[in-house]
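What follows is a single structure, written as structure tokens, with notes after it.
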Ligand code: NDP
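Residue numbers (the working numbering): 1 to 466.
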């Protein structure tokens, strides 16, 4: 006897991955329910990429105001009003929440507002936001609940905030401590500093952004210091002290204390599986809580799939979206969609930005028997009259055995916009001679990519040549 279910697909979580999967499946005529207890759009729309980028724009004005003087502008002392930024940002996010709702509804998917828990391999219980409960059955269940900020246990941890709270602060602090050395830590350190907050960044290791190209990461650290951020490397926070729910200082392992009215922990994100009822299924989790899936995003429970931050491959919105596309193709298409995790470009919206595609120099020298490195460093044209602003660094890595460009890294203004274009060239297998044959756009910073003629470093068999 054929079992019938209420839905072909029940998607738990209306973030970037879940929404895309729901819309694509509905467009194929599938009966789809999407369950979400929070605002639609997930981390990226609500407490991630989108509001963060708006805050980065806000923070950049302080340097632009300073730079404008060299161009003849005379401004009074600029003032900044945090509630205006916060509330304008929130209004924009609410507009996007509405767009997400319309996109889902017009696709034919049903949006169920509530908190889902998997009751059995084909059954989902929803605690409805309006009260009460619904029990839904589905042929397939997709877990797309994303991640949550992780704050390590330490005395006073309850006084710290995560990136989630940063978007809704009552007021901006005068002094802030940011803990961590990854994407969120450097991005928020730049935002706070740009908005006029005395900012200290504390990282336990010797180098920020340890997964990124060392030369750029080190240069970024110098730029952050030049911009006024106090940077403590090789430094551990052992306690946060405060009163009435508000922090006053952080204590370092060295014994010193730093006064601070806000302590932001940006120490990674963990898969959001709490309350999801996975104990009622055969779904297997890794030690860090993320869901184990195969190349088709199937969990160990045959009816249940997972994508996005929950599976902890690359915690990036465009990756979750591509995983959704590939999954829907596997489930309801011809299964030919392949997602390659190689050469995925990414950017850190620090000030200045870093953007990158392909392996770092440290990784590439191990991967390629013959590696040529081209590096250029120069003052952007804007800074010439402005007198303020750091240098741009660009780096191309070339597999010298076949002349193929394998990576491009950039630090400086518009790095993300530039690297996105280069990522296409690298994905297409462009050679260094293709770069050399391309005519530059003048005057631009990007033209440097096609005028790199001098090899800066050569590695043969992983060894730096003299
Ligand atoms: P990251 O993984 O980038 O960085 C986490 C940082 O916290 C690391 O420096 C890590 O140090 C440190 N850390 C971890 N545990 C501890 C601890 N117990 N005590 C002190 N420090 C600790 O995570 P983020 O939180 O910055 O961001 C999460 C993810 O979100 C990113 O990995 C990225 O995928 C995504 N993201 C993407 C953005 C973008 O595309 N622009 C922007 C923001 C986030 P160590 O390296 O020593 O382990």
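Glycine is no exception: its CB is placed at the ideal position from the N, C-alpha and C atoms.
It should be emphasised that the depicted structure is a prediction, and the values quoted were computed from it without experimental measurement.
Residue 23 versus residue 103: straight-line alpha-carbon distance, rounded: 8 Å
Rounded separation between residue 237 and residue 212 - CA only: 24 Å
Any non-hydrogen atom of the ligand MN within 7 Å of residue 305 CB: As for the ligand MN, it is missing from this structure, which binds only the ligand NDP.
Assigned secondary structure, residue 228 (DSSP; H/G/I helix, E/B strand, else coil): coil
Contact set for residue 372: own chain, Cβ-Cβ below 7 Å, skip 5 residues either direction: 398, 400, 455 and 458
Where residue 55 falls: helix, strand or coil (DSSP): helix
Cross-strand partners of residue 240 (DSSP beta bridge): 250
Nearest residue (CA-CA) to residue 304, options 1, 12, 2 and 6: 12
Heavy atom of the ligand NDP within 7 Å of residue 321 beta-carbon: no
Exposed unless 16 or more other CB atoms sit within 10 angstroms - verdict on residue 442: exposed
Own chain, CB closer than 8 Å to residue 362, minus 5 neighbours either side, in chain order: 213 and 214
Three-way DSSP call (helix, strand, coil) for residue 403 in this model: coil
Distance CB(residue 350)-CB(residue 194) smaller than 8 Å: no
Cutoff 7 Å; reference residue 451; Cβ partners in own chain excluding five residues on either side: 440
Which listed residue (145, 247 and 156) has its alpha carbon closest to that of residue 173: 247
DSSP state of residue 75 mapped onto helix, strand, coil: coil
Residue 351 CB to nearest heavy atom of the ligand NDP below 7 Å: no
Local conformation of residue 147 per DSSP, three classes: strand
Nearest neighbour of residue 429, chosen from 357, 133, 414 and 329 [CA to CA]: 357
Opposing strand residues paired with residue 364 [DSSP bridges]: Answer is none; residue 364 lacks a bridge partner.
Environment of residue 449 [buried if 16+ CB atoms lie within 10 Å]: buried
Straight-line gap, residue 122 to residue 410 (C-alpha atoms, nearest Å): 47 Å
Counted within 10 angstroms of its Cβ, other Cβ atoms place residue 256 as buried (16 or more) or exposed: exposed
Cβ-Cβ separation, residue 354 to residue 216 (assumed contact under 8 Å), whole Å: 5 Å
Three-state secondary structure assigned by DSSP to residue 429: coil
Per DSSP, cross-strand counterpart(s) of residue 372: 398 and 458
As assigned by DSSP and simplified to three states, the class of residue 119: strand
Test item: CB-CB of residue 179 and residue 316 under 8 Å: no
Residue range of the alpha helix (DSSP H) that includes residue 102: 82–107
Proximity to residue 421 [Cα-Cα], best of 464, 164, 347 and 84: 347
Residue 215 in three-state terms, based on DSSP: helix
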